[in-house]
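Heads up: the sequence lines are chains R and D, in that order.
Quick note: to get this note's numbering, add 264 to the position in the first sequence (first position is 1).
Quick note: to get this note's numbering, add 1460 to the position in the second sequence (first position is 1).
Written below as structure tokens is the structure these notes are about.
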Amino acid sequence: MSLPTTVAGQLDALAAGHCQAADLIQAAREQGCRHADLNAWISEVEPTAPAAAENAKLGGIPYAHKDLFCTAGVRTTCGSKMLADFVPPYSATVHERLDRAGAVLMGKANMDEFGMGSSNEHSHFGAVLNPWDRQRVAGGSSGGSAALVAARVVPFATATDTGGSIRQPAAFCGVSGIKPTYGRVSRWGMVAYASSLDQGGVIAQTAEDCALVLQQMAGFDERDSTSLQAPVDDYRQALQQPLRGLRIGVAKCFFGSGVSDPVAVAVNAALAQMEAQGAVLVDIDLSHAELAIAAYYLIAPAEASSNLSRYDGVRYGYRCEQPRDLDDLYRRTRSEGFGAEVRKRILLGTYALSAGYYDAYYLRAQKVRRLIAGDYSRAFEGVDLIAGPTAPTVAFKLGEKLADPLAMYASDVNTVGVNLAGLPAMSIPCGFDQGLPIGLQLIGPALSEARLLAAAHQYQLHTGWHQQRPGTSGVPS
Amino acid sequence: MSAAVDAWEAVIGLEVHVQLRTASKMFSGAATAYGAEANCQANVVDVALPGVLPVVNAEAINKAIRFGLAVGGDISADSVFDRKNYFYPDLPKGYQLSQFAQPIVAGGLVHARRADGSLLQVQLTRAHLEEDAGKSIHDAFAGATGVDYNRAGTPLLEVVTEPVLHSAADAVAYLKALHTLVRWLGICDGNMQEGSFRCDANVSVRPRGSDQLGVRSEVKNVNSFRFVEKAISYEIERHIRLCERGEQPVQETRLYDAARDQTRSMRSKEYAEDYRYFPDPDLPPLRLSEAEIAAQREQLPELPQQRYRRYLEELGLSDYDADLLSTERALSDYYEQVAAAAGDAKLAANWVLGEFSAALNSAQLNVEDSPLDSARLGGLLAKLASKEINGKIAKKVFEAMWRSADSAAEAIDRLGLKKIDDSAALAAMVDQLIAQHPEQWAQLQQGQDKLLQFFIGQAMRATRGQADAGVLQGMIRDRLGQ
Chain R
265 MSLPTTVAGQ LDALAAGHCQ AADLIQAARE QGCRHADLNA WISEVEPTAP AAAENAKLGG
325 IPYAHKDLFC TAGVRTTCGS KMLADFVPPY SATVHERLDR AGAVLMGKAN MDEFGMGSSN
385 EHSHFGAVLN PWDRQRVAGG SSGGSAALVA ARVVPFATAT DTGGSIRQPA AFCGVSGIKP
445 TYGRVSRWGM VAYASSLDQG GVIAQTAEDC ALVLQQMAGF DERDSTSLQA PVDDYRQALQ
505 QPLRGLRIGV AKCFFGSGVS DPVAVAVNAA LAQMEAQGAV LVDIDLSHAE LAIAAYYLIA
565 PAEASSNLSR YDGVRYGYRC EQPRDLDDLY RRTRSEGFGA EVRKRILLGT YALSAGYYDA
625 YYLRAQKVRR LIAGDYSRAF EGVDLIAGPT APTVAFKLGE KLADPLAMYA SDVNTVGVNL
685 AGLPAMSIPC GFDQGLPIGL QLIGPALSEA RLLAAAHQYQ LHTGWHQQRP GTSGVPS
Chain D
1461 MSAAVDAWEA VIGLEVHVQL RTASKMFSGA ATAYGAEANC QANVVDVALP GVLPVVNAEA
1521 INKAIRFGLA VGGDISADSV FDRKNYFYPD LPKGYQLSQF AQPIVAGGLV HARRADGSLL
1581 QVQLTRAHLE EDAGKSIHDA FAGATGVDYN RAGTPLLEVV TEPVLHSAAD AVAYLKALHT
1641 LVRWLGICDG NMQEGSFRCD ANVSVRPRGS DQLGVRSEVK NVNSFRFVEK AISYEIERHI
1701 RLCERGEQPV QETRLYDAAR DQTRSMRSKE YAEDYRYFPD PDLPPLRLSE AEIAAQREQL
1761 PELPQQRYRR YLEELGLSDY DADLLSTERA LSDYYEQVAA AAGDAKLAAN WVLGEFSAAL
1821 NSAQLNVEDS PLDSARLGGL LAKLASKEIN GKIAKKVFEA MWRSADSAAE AIDRLGLKKI
1881 DDSAALAAMV DQLIAQHPEQ WAQLQQGQDK LLQFFIGQAM RATRGQADAG VLQGMIRDRL
1941 GQ
């Protein structure tokens, strides 16, 4: 008997009595073993099938956490040597909510250290391989989450997105991912990279699955002062909203010089498909979009340089051997405990906040941030959603961009603006190039998750890209 | 040297860390009580575990607003918590949350009085909210330093003056007024030994008449009024000595060593840290509505300086009494109630500062723990004011009331000290006394008026003080034919 691999499919099978939670757990474990070479897990846990609970909306569904959600009693490493043995005594709000919904944690997914990376090559636990081509990166920083879902190990995984860390790996791995509005999902217990940009979300095979899971994760949390009080829409019900009449903005800046021809072709085909389903395409202008990368790579490191100060070897986490004095303790603990990319961003951020540079870098970047947010607000006066390629190319080769950080950072060109503006966005599969998946990015105004999920779902009702799985032929019939 | 000293003017600015009296910490739910076992009042937020977030304590905000209103400062509709970044083991996050660019209170004036009674008004620059650090413990473990995070995250209001003070005595007068005010408002317990009220003093000198500021030194964390005065005096003299020699003081932080009565250099600002302040992205700006500020204004009590003026101008108390009765809120409130019940403000002041304070002292009690409540004492003084009893009896009754739950009337009854109103009996007794002391009576008749007191005294003794001295005097004068 072949078990369903989507959240919706597994919930139906459980409800119909076609399988038990234990079967799903067993299947996840076996599939995980078959794909162990992906290096997508940092820690696996020994799950027990939950007792069937009333109203458990995700009862019995296996899943993975990106390894920066604190899980009481289960080590939470953030992909770092600094926290390689750190076992938190408390759980993230996201974990508590999924636990309450009956979902079954299978383990903690690999990631770029503290979320800093676009290829998942910056993990203390090694790179995650792309399930479609093991010579290529899975994307980052939520590479483990995307690879596990793409390889059908788990039907969904949590992820976080600071500059594209949900959407870009989802695109590279041919799965669906949603980065909600800033403040929609609680950051309590979600280890910070850049506090004003970080947002938790979901990676799953389908928009429908994203809706089912996000429904359980989202909502106000008094422990996060940036959490939004607005009530959470009924995402699953909203999925039925057809594309007819939906105005979709298309911005030239998202099809800039770095975007490969096959990616542009596939995305344009997806837009044509949505148009055929009744959507209206509207040309829009986001005039400050080209400044997004520069602003992002000042603001995010600035916040990171401060957020990561707590890893000092004093209270928990890695501590260097035999420190001579306090300075030596700090210097060696942090030099040895952090990887090169994290050290680089801490230095960059420290510099940007330093006396004499603060105005020129940090304050100016904040100004750009407001301009970018303003561009989006104006654009959304005339359109309901904005669409474009998630990433300029398909997944690149392992090691290809490691020596060229600017090229690596440039791969975030279409995703970082969304974080600067605090908006919700999705990436869904929309085609293939050389057997590698291409992602379509949909961006909405604040708190338009229901609209985004509905548009993605309606597209997926008429296309089969999201049903392709690695190991089968790239092009659907 | 005094001529030379007169050529220089000291300029002093003070920064006081007022620990706000709240049940929980500034940004976490952990308790703030002093003296708990090390690290037993530090939760996941206080020790800065990965993934934790701060949530502002509304009670601390309200107390800061009340302070701002009490000093007549501007309450900012928008204030911002910034991160002050530096590494130290007692600073768990690697940054301290503090209001750098936009404090909750701007400006304000503290009314103080010098020892000679003259008024000293001290202009505040600002008051801002921040969190305390933990404590490093250097002597508990051989070869290692321990850290106790119980204090980490405790809410502080840092009150900063303009550089407007010019003597150590004035600095202390200001500190005492501030100390009175924060306890009066109920926002701080004022315990200096436990560090609830800590002072940093910035001291510089300049040629008298100059409007330039000299290079300043900062004396850190002095924890008693006496030591503040000594530390500032020492610094002023040190600066003058340097300037007299033509040397420039260096900008530095100094520690006061009470045992040696001197300050010594702690660190020089040449190696000044760059704190890389920026707004904390985990906390949105603190927005206060007019209504929220008004709600705190309604809770403001009458302030010490207002009471002081009222006692002086309306109640006619002496400067000394008005000052004593407007320093400690509990005593002042007690006095207010006693005075109202007694119907005589001056009499109430005498008794509250006299008998009552003495009784508290000898029992080593606080006003709040007094066995004699204000209504009962007021009742006693009402009887004294209406001459129902005299002062001597009142003192006896007071002692009885202190040791019992009796009202004044009950105590008087129980002691059998009810005033003798029977004038026939008194008159008979006066006649008897005259007969018993013919010599003294003759002298009194010859005009030796001091013997009047002799006869009154005898009568009082005979009645165990229950007679009215005025009535007795009238009777004796009657018999003298006056």
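Built from N, CA and C at the ideal position, the CB exists for glycine as well.
Check: Which residues does DSSP list as the beta-bridge partners of D:Leu1474?; Outcome: D:Ala1661
Check: Could you work out which residues of chain D lie near R:Thr490, taking near to mean beta carbons separated by less than 9 Å?; Outcome: Leu1513, Pro1741, Asp1742, Leu1743 and Pro1744
Check: Please return the same chain residues whose Cβ sits closer than 6 Å to the Cβ of D:Lys1523, not counting the five positions on each side in sequence.; Outcome: Leu1480 and Ile1647
Check: So, does the segment 685-694 of chain R touch the segment 622-642 of chain R, judging by three or more C-beta pairs under 8 Å?; Outcome: yes
Check: Consider the C-beta atom of R:Gln480 and the heavy atoms of the ligand FMN; say whether any pair is separated by less than 7 Å.; Outcome: Absence of the ligand FMN is noted for the structure shown, with no ligands found whatsoever.
Check: Check whether the Cβ atoms of R:Arg398 and R:Gln295 lie closer than 8 Å to each other.; Outcome: no
Check: Consider the Cβ of D:Asn1681: report whether some Cβ of chain R lies at a distance smaller than 8 Å.; Outcome: no
Check: Would you say the segment 1677-1692 of chain D touches the segment 1719-1726 of chain D, given that touching needs at least three Cβ pairs under 8 Å?; Outcome: yes
Check: Consider the Cβ of R:Ser573: report whether some Cβ of chain D lies at a distance smaller than 8 Å.; Outcome: yes
Check: Which residues, in chain order, does the segment 349-370 of chain R contribute to contact with chain D at a C-beta distance below 8 Å?; Outcome: Phe350, Pro352, Pro353, Tyr354 and Ala356
Check: Grab the span of the beta strand (DSSP E) containing D:Arg1611 for me, first residue to last.; Outcome: Unbroken run through D:Arg1611: none, as it is neither H nor E.
Check: On the DSSP letters alone, give me the boundaries of the beta strand (DSSP E) that D:Tyr1555 sits inside.; Outcome: Tyr1555 to Ser1558
Check: With R:Cys297 as the anchor, note down where its beta strand (DSSP E) starts and where it stops.; Outcome: Where R:Cys297 is concerned, there is no enclosing beta strand (DSSP E), although the alpha helix (DSSP H) it sits in stretches over Ala285 to Arg298.
Check: Within its chain, find whatever has a CB closer than 6 Å to the CB of R:Arg715; leave out the 5 residues flanking it on each side and keep chain order.; Outcome: Gly708
Check: According to DSSP, R:Glu310 sits in a beta bridge with which residue or residues?; Outcome: In DSSP, R:Glu310 forms no bridge with anything.
Check: Which residues of chain D have a Cβ atom closer than 7 Å to the Cβ of R:Leu617, listed in chain order?; Outcome: Arg1736 and Phe1738
Check: Counting only the same chain and skipping the five closest in sequence on each side, list residues whose C-beta sits under 6 Å from that of D:Gln1797.; Outcome: Ser1834
Check: Within a Cβ cutoff of 8 Å, which residues of the same chain sit near R:Ala272, ignoring the five residues on either side of it in sequence?; Outcome: Thr470, Glu472, Asp473 and Leu476
Check: Pick helix, strand or coil for D:Pro1744, following the three-state DSSP scheme.; Outcome: coil
Check: Please compile the residues from chain R whose C-beta is within a distance smaller than 7 Å of the C-beta of D:Lys1553.; Outcome: Ser573 and Arg574
Check: Across the segment 621-628 of chain R and the segment 366-381 of chain R, are there enough close Cβ pairs to call them in contact, namely three or more that are closer than 8 Å?; Outcome: no
Check: Taking all protein chains shown into account, do 16 or more other C-beta atoms lie within 10 angstroms of the C-beta of D:Asp1740, making it buried, or fewer, making it exposed?; Outcome: buried
Check: Checking contacts by CB at 8 Å: is D:Arg1543 closer than that to chain R?; Outcome: yes
Check: Does the segment 421-437 of chain R come close enough to the segment 695-707 of chain R that 3 or more CB-CB pairs lie under 8 Å?; Outcome: yes
Check: Could you compute how far the alpha carbon of D:Gly1528 sits from the alpha carbon of D:Met1726?; Outcome: 33 Å
Check: Across which residues does DSSP place R:Trp305 in a beta bridge pair?; Outcome: R:Ala373
Check: In chain D, which residues lie less than 8 Å from R:Ser691 when you measure between Cβ atoms?; Outcome: Ordered by position in chain D, no residue passes the 8 Å Cβ test against R:Ser691, which lies about 25 Å from the chain.
Check: Assuming R:Thr341 contacts R:Phe350 (C-beta within less than 8 Å), just tell me the rounded distance between them.; Outcome: 7 Å
Check: Is R:Asp363 helix, strand or coil by DSSP?; Outcome: helix
Check: Kindly indicate which three-state DSSP category R:Glu585 falls into: helix, strand or coil?; Outcome: coil
Check: Can you check which of these residues, R:Gln724, R:Tyr327 and R:Pro669, is closest to R:Thr312 by C-alpha distance?; Outcome: R:Tyr327
Check: I think D:Pro1563 touches D:Ala1587, with their Cβ atoms under 8 Å apart; what is that distance to the nearest whole Å?; Outcome: 7 Å
Check: Mind listing which residues of the segment 584-609 of chain R have their C-beta closer than 8 Å to chain D's C-betas, in chain order?; Outcome: Leu590 and Tyr594
Check: Assign R:Arg400 to one of three DSSP states: helix, strand, or coil.; Outcome: strand
Check: Would you grab the beta carbon distance between R:Gly379 and R:Val392 for me? Rounded to a whole angstrom, and I think it's under 8 Å.; Outcome: Going by Cβ atoms, the distance from R:Gly379 to R:Val392 rounds to 14 Å, so no, they are not a contact pair.
Check: Reducing DSSP to helix, strand and coil, say where R:Pro352 ends up.; Outcome: coil
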